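Colleague: First residue of the sequence shown: 427, per this note's numbering; consecutive thereafter.
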Amino acid sequence: NTFSDAKDQKLSYKFGSLSHADAGTRRQAVEHNLECIEIGKTLGSKALTVWIGDGSNFPGQVNFAKAFERYLDAMKEVYAGLPADWKLFSEHKMYEPAFYSTVVQDWGTNYMIAQELGDKAFCLVDLGHHAPNVNIEMIVSRLIQFKKLGGFHFNDSKYGDDDLDAGSIDPYRLFLVFNELVDAELSGAEGFDPAHMLDQSH
Numbered sequence: 427n428t429f430s431d432a433k434d435q436k437l438s439y440k441f442g443s444l445s446h447a448d449a450g451t452r453r454q455a456v457e458h459n460l461e462c463i464e465i466g467k468t469l470g471s472k473a474l475t476v477w478i479g480d481g482s483n484f485p486g487q488v489n490f491a492k493a494f495e496r497y498l499d500a501m502k503e504v505y506a507g508l509p510a511d512w513k514l515f516s517e518h519k520m521y522e523p524a525f526y527s528t529v530v531q532d533w534g535t536n537y538m539i540a541q542e543l544g545d546k547a548f549c550l551v552d553l554g555h556h557a558p559n560v561n562i563e564m565i566v567s568r569l570i571q572f573k574k575l576g577g578f579h580f581n582d583s584k585y586g587d588d589d590l591d592a593g594s595i596d597p598y599r600l601f602l603v604f605n606e607l608v609d610a611e612l613s614g615a616e617g618f619d620p621a622h623m624l625d626q627s628h
């Protein structure tokens, strides 16, 4: 990952990774993702998920537009390293570890990333990465409609990104998400082939 520092890591991700103002730190983060692709090939993987913790904790700490431009440039390098039969999933998160702004903060930004990168780029939806009461099932529907739903991290939340067992807090929301998935499958939605992962740690 590029949201925490490894023991022998040369440069720190404390102030960002793929969007970092320092070119050397961005290069390190890009190389890490390219290495993950090589490891994935050995393991038989067909996708790379990229989530970054980059953001800011107070106004003026980062330039929103420039940070996003740096992120996109770095992600284009990662995307270029994908094998022909692989997909890239970008993952959005409203806050944490940064609490004022996050570079990839919502599904709209995530969709723009997938559009900018190309046909092998998709959006990953983590059920715990949204503000309370956000209509996640509608987000899922929109991404299916525009052929950019890559997959899920299924979990549940009470306050934030809690990583609680899927359906343990809001089972009806999970039902509504699956209702959209079943509808897409039964209607033969073009390009519909989401990856599913249980992402829970409590």
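Cβ coordinates follow ideal geometry from the N, Cα and C atoms, glycine included.
Since this is a predicted model, take the numbers as computed values, not measurements.
1) Return the Cβ separation of G452 and A500 in integer angstroms, given the expectation that the two are a contact with Cβ distance under 8 Å.
2) If L553 and P620 are in contact, beta carbons under 8 Å, what's the gap, nearest whole angstrom?
3) For F572 and D532, what's the separation of their Cα atoms in angstroms?
4) In the segment 453 to 498, which residue ranges form an unbroken beta strand (DSSP E) of at least 3 residues, counting only runs that do not cross its ends?
5) Tell whether a beta-carbon distance below 8 Å holds between I570 and A610.
6) Please return the same chain residues whose Cβ sits closer than 7 Å to the Cβ of T428, not counting the five positions on each side in sequence.
7) Grab me the residues of A592's own chain with a C-beta within less than 8 Å of its C-beta, minus the 5 sequence neighbours each way, in chain order.
8) Taking a contact to mean a Cβ-Cβ separation below 8 Å, would you say P485 touches Y526 in this structure?
9) Starting from the C-beta of N511, find all residues in its chain whose C-beta is less than 7 Å away, skip the five residues before and the five after it, and write them out in chain order.
10) DSSP three-state call for K513: helix, strand or coil?
11) Would you list the one or two residues that DSSP bridges to S527?
12) How many Å lie between G507 and F494 at the Cα?
13) To the nearest angstrom, how far is the alpha carbon of V504 from that of Q541?
Modeller: Quick look at the numbers:
1) Sequence index remark: in the sequence shown, residue 452 carries index 26 (1-based). Sequence index remark: in the sequence shown, residue 500 carries index 74 (1-based). Going by the sequence as given, residue 452 is Arg instead of Gly. Correct: roughly 5 Å between the Cβ atoms.
2) Residue 553 sits at position 127 when you count from the first residue of the sequence shown. Residue 620 sits at position 194 when you count from the first residue of the sequence shown. Under the criterion of beta carbons closer than 8 Å, L553 and P620 do not qualify as touching, at roughly 13 Å.
3) The count along the sequence shown starts at 1 and reaches residue 572 at position 146. The count along the sequence shown starts at 1 and reaches residue 532 at position 106. Each residue's alpha carbon lies about 16 Å from the other.
4) For the segment 453 to 498, whole beta strand (DSSP E) runs of length 3 or above, ordered along the chain, are 473 to 476.
5) For the purposes of this step, residue 570 is taken as residue 144 along the sequence shown, with counting starting at 1. For the purposes of this step, residue 610 is taken as residue 184 along the sequence shown, with counting starting at 1. Taking 8 Å as the Cβ cut-off, I570 and A610 qualify as a contacting pair.
6) Counting from one through the sequence shown, the residue named residue 428 turns up at place 2. Contacts found: Y439, S443, L444, A455, H458 and I478.
7) As a working mapping, residue 592 is identified with position 166 in the sequence shown. Same-chain partners within the cutoff: L553, F580, N581, D582, L600, L624 and Q626.
8) On the sequence shown, residue 485 is found 59 positions in, with the first residue counted as 1. On the sequence shown, residue 526 is found 100 positions in, with the first residue counted as 1. In this structure, Y526 lies closer than 8 Å to P485 by Cβ.
9) On the sequence shown, position 85 is the one that residue 511 refers to. Checking the displayed sequence, the identity of residue 511 turns out to be Asp instead of Asn. So the list reads K472, once near-sequence residues are dropped.
10) Your numbering for residue 513 matches position 87 in the sequence shown. Of the three classes helix, strand and coil, the one that applies to K513 here is strand, per DSSP.
11) Reading the sequence shown from its first residue, position 101 is the one you call residue 527. By DSSP's assignment, S527 forms a beta bridge with S482.
12) On the sequence shown, residue 507 is found 81 positions in, with the first residue counted as 1. On the sequence shown, residue 494 is found 68 positions in, with the first residue counted as 1. When rounded, the distance between both Cα atoms is 20 Å.
13) Counted from its first residue, the sequence shown places residue 504 at position 78. Counted from its first residue, the sequence shown places residue 541 at position 115. Spanning the two alpha carbons is a distance of roughly 15 Å.
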